[in-house]
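Visitor: Please read through the structure below; I'll follow up with questions.
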């Protein structure tokens, strides 16, 4: 009788497909590593927060305006 494991065996580097989708050594890339200045990171966070607020306001206006537009055209 052949033993079948519930977990597949890990592939070695030699048996991996020849592409770049599965690197041999996992690596962690972060765009924050490229930014050296704390002020640049704070500026990036500030711009992201402003964009989030603008998106929230636009969504609120849209949620209020769409039903009114529907009622006016119906």
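In our numbering, the protein residues as written are 36 to 109. Where is the CB? At the ideal position from N, CA and C, for every residue including glycine.
1) Helix, strand or coil for residue 78, going by three-state DSSP, please let me know.
2) If you draw a straight line from the C-alpha of residue 107 to the C-alpha of residue 82, how long is it?
3) For residue 96, which residues from the same chain have a beta carbon less than 8 Å from its beta carbon, with the 5 sequence-adjacent residues on both sides left out?
Guide: This is what the structure holds:
1) Position 43 of the chain shown, counted from the first residue, corresponds to residue 78. In the structure shown, the three-state DSSP call for residue 78 is helix.
2) As a working mapping, residue 107 is identified with position 72 in the chain shown. As a working mapping, residue 82 is identified with position 47 in the chain shown. In a straight line, the C-alpha of residue 107 is about 37 Å away from that of residue 82.
3) Along the chain shown, one-based indexing puts residue 96 at 61. Counting only residues of its own chain and dropping the five nearest sequence neighbours on each side, residue 96 has no CB closer than 8 Å to any other CB.
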